[in-house]
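Structure, as structure tokens:
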Amino acid sequence: MSGRIIIREMSPEDYPKVRKLWESIHGLAIRSMDDSREGVEMFLRRNPGTSVVAVDTEEDQRIVGGILCGNDGREGRLYHVCVAEEYRRKGIGRRMVSVCAEKLKNLGINKISLVAFSNNNAGNEFWHDTGWRDRGDCNSYDLVLNENNIITKND
């Protein structure tokens, strides 16, 4: 299967297929504004060339994985790292993360962080198995600036 899956840069035109993928992922939280077409296009413009999709070339160019990847000039950040359930455990997630890490490294970024919900067993297992460390020395906080940016979690 690895020969038929290509990892390429995410483009704004990928949005409908990426959104469909996100909506199929159990436990993924989608924000009404940030994850809208406009929100994702803005993210891609601010972080050109770093977000990726995994495409099955034998399944009508189906997007089977994706990562929104950006940076603030100091630290990289991964959002919505996901692979369609039937494509998991085939190295697709590892390949996508590796591509994003290389892109960030080429930009001079030395560290990448992400958030995985504590009840996301599959995601947390993936991160632990691929050498990422759980930061037990800090807490994560949010300050909501726009109450209209509603979160929907796929249960």
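Using the working numbering, read the sequence shown as starting at -1 and increasing by one per residue. Don't be surprised by glycine CBs; every beta carbon is placed ideally from N, CA and C.
| field | Buried or exposed (CB count within 10 angstroms, at least 16 for buried), residue 142 | value | On the sequence shown, residue 142 is found 144 positions in, with the first residue counted as 1. Answer is exposed; the Cβ neighbour count stays below 16.
| Roughly how many angstroms separate the alpha carbons of residue 97 and residue 147, rounded to a whole number? | Within the sequence shown, the letter at position 99 stands for residue 97. Within the sequence shown, the letter at position 149 stands for residue 147. Computed Cα separation, rounded: 30 Å.
| message | Are the CB atoms of residue 38 and residue 62 within a distance shorter than 8 Å? | response | What you label residue 62 is simply residue 64 of the sequence shown in a count that begins at 1. What you label residue 38 is simply residue 40 of the sequence shown in a count that begins at 1. Going by C-beta atoms, residue 62 is not nearer than 8 Å to residue 38.
| field | Anticipated Cβ contact below 8 Å, residue 101 with residue 68, distance rounded | value | By 1-based counting over the sequence shown, the position of residue 101 is 103. By 1-based counting over the sequence shown, the position of residue 68 is 70. 10 Å between Cβ atoms; not a contact.
| Under the rule that 16 or more other beta-carbon atoms within 10 Å means buried, what is residue 139, buried or exposed? | Here residue 139 is taken as the residue at index 141 of the sequence shown, counted from 1. The residue in question, residue 139, is exposed, as its Cβ has fewer than 16 Cβ neighbours within 10 Å.
| According to the neighbour-count rule (16 or more other Cβ atoms, all chains shown, within 10 Å of its Cβ), is residue 31 buried or exposed? | Taking the first residue of the sequence shown as 1, we reach residue 31 at position 33. Exposed, because fewer than 16 other Cβ atoms sit within 10 Å of the Cβ of residue 31.
| query | By a C-beta neighbour count over all protein chains shown, 10 Å radius and 16 as the cutoff for buried, is residue 117 buried or exposed? | reply | Within the sequence shown, residue 117 is the residue found at index 119, counting from 1. The residue in question, residue 117, is exposed, as its Cβ has fewer than 16 Cβ neighbours within 10 Å.
| request: Within the stretch 31 to 107, note down every full alpha helix (DSSP H) run reaching 4 residues or more, in order along the chain. | output: 35 to 44 and 90 to 104
| Sub-8 Å separation of residue 51 and residue 79 beta-carbons | Taking the first residue of the sequence shown as 1, we reach residue 51 at position 53. Taking the first residue of the sequence shown as 1, we reach residue 79 at position 81. No. Outside cutoff.
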